[in-house]
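First up is the structure itself, then whatever we jot down about it.
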Amino acid sequence: MPIVLRCHPGIGRAVSGTALVAADNFSARYDLDRNRGIFARPSHKLAGHSYVDRILVLDGAKGGVATAWMLHDMKARGIVPRALIFNRVNPIIAQGAAFAGVALVDRFADDVTRLFRTGDNLRVDPAAGTVEILNRAA
Amino acid sequence: MRLTDEENAMLAGELGAPRRWAITHQIAVGEFFDAADFVGVSQAHIMADTESLGEAGVAFLEGLAAAPEPERRVRVPSITDPRGIDFAIYRRLGQSAAMAALERRVIKTLSAFGVLMTDTCINYQTVIAPLRGEHVAYGDTGAVIYANSVLGARSNFEGGPSALAAALTGRTPRYGYQLEACRRATRRFRLVASPRDLCEWGAVGGIVGEACGSYWQVPVIEGLVTVPGSDALKQFGAALASYGSVALFHMPGITAEDVVFAGAPPDPIPIGPPDIAAFLARYAAPGDKLDVVVFAAPQLSLYEMAAVADVVDGRQIHPDTTVIVATSPEIKHAADRMGLTARIEASGAFVAQGICFYQSYAREMAEANGWTRLMTNSAKLVNILGGYGYRPSLGGLEHCIDSAVAGRVL
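Chains as they are written, first to last, in numbering that gives the first Met the number 0: chain A, 0 to 137; chain B, 0 to 409.
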């Protein structure tokens, strides 16, 4: 039976996809190579990983405001995450998700970087405030 | 969210497509953060560098700007954060004609909204500083934290789309640091000794920022025995916002608001010279060939420009090292008039206006110029540039210039 986890109602439409999880923070400017579609910051726990079309599961937001524009441009170029799941975001991530139309949820009862595993198949429903684990990664 | 008649009219499109887009975007963000309603803002500060916008963002702005003039005019004084291109020097920086062309499109578009092209992240030092209690929509983390903390104004981090939306509607959702309840202190630090220069103030901001690690934490910094000054708190706040995503701090007796803790005050965490030294040591690279030295992030005040001029006077930068000094157009004009630009550029350094380096295609500049080792006195800049392929080093103004003259990190 699928596991359904509740969170605060989010932004964007419901999507399904594969999770990429790390206990680390996020900024599109600080962390990504937005030409190659990978995490480029050497100290990031996802350094070298492709974020394209993955459901990113991370702790929180880093500084900077650029993500508010960048998600929109990344989506137009087809190199955007499919959804974002955070413990708690700052306004920039929410603004960027709203502007780009990227699904975003946060504020779960437990740490999302422990609730979800890389490779989990998830369904994110921002309007309902739920994330369903369709298939657990091995 | 509870909407007024006018806000409902905007939402219905009765005031034009730009304001309908703007309030729709703001409602989505406001509901995400459980805002009950909107609050009027007195000014907006819009980050819209072309590296972040990309072609898609520029096309979006052009689409909004195609509306009739009465429908697209901003409702409150609205200004811009640094741009991606300084047209006087972009070729020397290795930026392309395509980047410059995109920049021209954005300038034309923002001007069509009635946005004032100030191109600065130090608007609080060079344009108009907000007053205590003033609700604003600022779009640079350094500007937000300075306005919230030092001046007691009220702003969340308003990224480019949201700051533009606030400019078009004249309001912003009432959540986060627009609310009194969110401004209470949650963390407590005590300075054992005063930082000795702007670089060390940035280091302390980085230390506190890493310890906080969240937009929703509000640190108190105690133990100051002298008033730091505007440039010191600019560097401190910018680093705190960069390393921790923090938007508000309190320094009792110095910043604008009385300290009220959310709950029982925690024991203070001491920060002393060994902590600052350890922070700087993370970026140390003695002996490395030095490709580029940058003074920016935030842009330099007039006093900082004068300090750079004093340190470079009569010296020559090493021919294999590029030195960039970035400031706002207003300060650049003042520096020109006062002879500071000529003194700085006589050394081989050059002064850039209206840009802030990391917002200027930093990755492409590195690739075009073969830059890897960068040195700066800005903790914020070293934090950002790690993801752009640079190996950044952090040092004080004199250390940076001495290294630039030597062509290697000293």
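Built from N, CA and C at the ideal position, the CB exists for glycine as well.
- Cβ-Cβ separation between E303 (chain B) and D230 (chain B): approximately 6 angstroms, consistent with a contact (criterion under 8 angstroms).
- Counting along the chain, the unbroken alpha helix (DSSP H) around S110 (chain B) starts and ends at 96-112.
- Across the structure, G338 (chain B) and V307 (chain B) are spaced so that their CA atoms are roughly 12 angstroms apart.
- For D139 (chain B), the chain A residues whose C-beta falls within less than 8 angstroms of its own C-beta are V64, listed in chain order.
- Interface residue (Cβ-Cβ distance to chain B less than 8 angstroms): D52 (chain A) is not classified as such.
- For G394 (chain B), the closest of B:V292, B:R362, B:R19 by C-alpha to C-alpha distance is B:V292.
- Scanning the stretch 189-267 of chain B for uninterrupted alpha helix (DSSP H) segments of 4 residues or longer gives 197-211, 229-243, listed from N- to C-terminal end.
- Not flagged as an interface residue toward chain B: K44 (chain A), since no C-beta distance is shorter than 8 angstroms.
- For the pair of segments examined, the stretch 12-28 of chain B was found not to touch the stretch 30-44 of chain A: the number of CB pairs separated by less than 8 angstroms stays below three.
- Positions of the beta strand (DSSP E) runs, each at least 3 residues long and wholly inside the stretch 28-53 of chain A, cannot be given because no such run exists.
- V149 (chain B) and E70 (chain B) have their C-alpha atoms some 35 angstroms from each other.
- Fully enclosed alpha helix (DSSP H) runs of no fewer than 4 residues occupy 140-148, 159-168 of the stretch 138-199 of chain B, in order along the chain.
- As DSSP reads the structure, F107 (chain A) sits in a beta bridge with A:C6.
- Within the stretch 322-403 of chain B, the complete alpha helix (DSSP H) runs of at least 4 residues fall at 328-336, 339-344, 361-368, 378-384.
- Contact between the stretch 198-218 of chain B and the stretch 60-67 of chain B is absent: fewer than three C-beta pairs spanning the two stretches fall below 8 angstroms.
- In this structure, B:L63 is the residue among B:A348, B:V73, B:L63 with its C-alpha nearest to the C-alpha of W20 (chain B).
- At a beta-carbon threshold of 7 angstroms, the residues of chain B lying near I91 (chain A) are F156, G158, ordered along the chain.
- Between the beta-carbon of V324 (chain B) and that of A348 (chain B) there is about 6 angstroms, and that keeps the pair under the 8 angstroms contact cut.
- When secondary structure is reduced to three states using DSSP, G271 (chain B) falls in the coil class, being assigned neither helix nor strand.
- Less than 8 angstroms separates the beta-carbon of A165 (chain B) from that of E157 (chain B).
- Within the stretch 17-72 of chain B, the complete beta strand (DSSP E) segments of 3 residues or longer fall at 37-39, 43-45, listed in chain order.
- Residue environment analysis places K331 (chain B) among the buried positions, since at least 16 neighbouring C-beta atoms fall within 10 angstroms of its C-beta.
- Residue pairing by DSSP places G16 (chain A) opposite A:L121 in a beta bridge.
- Close to I383 (chain B), with beta-carbon spacing below 9 angstroms, are these residues of chain A in chain order: S26, R28, Y29, G62, G63.
- With the criterion set as a beta carbon lying under 7 angstroms from some beta carbon of chain A, the members of the stretch 167-199 of chain B are G175, in sequence order.
- In the displayed model, I92 (chain A) falls within a helix according to three-state DSSP.
- Here DSSP, grouped into helix, strand and coil, assigns F294 (chain B) to strand.
- Residue state for V310 (chain B) is assigned as helix, using DSSP reduced to three classes.
- Counting only Cβ-Cβ distances below 9 angstroms, L223 (chain B) has no contacts in chain A at all, with the closest Cβ about 23 angstroms away.
- When 7 angstroms is used as the limit between beta carbons, P41 (chain A) is near these residues of chain B: G385, in chain order.
- The residues H44, I78, A142, in chain order, have a CB closer than 7 angstroms to that of N122 (chain B) in the same chain once the five nearest residues on each side in sequence are set aside.
- By the 16-neighbour rule on beta-carbons within 10 angstroms, I127 (chain B) is exposed.
- Only H24, A27 from the stretch 6-27 of chain B bring a Cβ to less than 8 angstroms from some Cβ of chain A.
- The beta carbon of P194 (chain B) lies closer than 6 angstroms to those of W200, V203 in the same chain, with the five residues before and after it left out.
- Per DSSP, the continuous beta strand (DSSP E) segment holding N86 (chain A) begins and ends at 82-87.
- F25 (chain A) carries a strand assignment under DSSP once its states are collapsed to helix, strand and coil.
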